[in-house]
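In the numbering used here, the protein residues as written are 5 to 76.
The next block holds one structure in the form of structure tokens; read it before the comments.
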Ligand SMILES: [Zn+2]
């Protein structure tokens, strides 16, 4: 599992310079930015905090996110 300490310090890389960019964990394996709606998968216990990756899922409703996330 990803440690809670790590999750608490992670922020959305697209938002963090101007906004809180707080992430909410969903389905255990997704982190959703509360500011922009980008969604970052957790793959093999590693959060994939890439803006390109978040962009791919920004228009996907949280209930439609694949679990587990697709391998990269
Ligand atoms: Zn964001």
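Where is the CB? At the ideal position from N, CA and C, for every residue including glycine.
Whether residue i touches residue j by CB criterion (8 Å)
i          : j          : result
residue 45 : residue 24 : no
residue 75 : residue 47 : yes
Residue i versus the options, residue with shortest Cα-Cα distance
i          : options    : result
residue 86 : 49, 42, 67 : Since the first residue of the chain shown is 5 and the last is 76, residue 86 is not available in this structure.
Contact test: residue i Cβ vs ligand 1 heavy atom, cutoff 7 Å
i          : result
residue 39 : yes
residue 42 : yes
residue 18 : yes
Per DSSP, the bridge partner or partners of residue i
i          : result
residue 43 : 36
residue 27 : 37
residue 50 : 47
Exposure label - residue i; buried when at least 16 CB within 10 Å
i          : result
residue 53 : buried
residue 51 : buried
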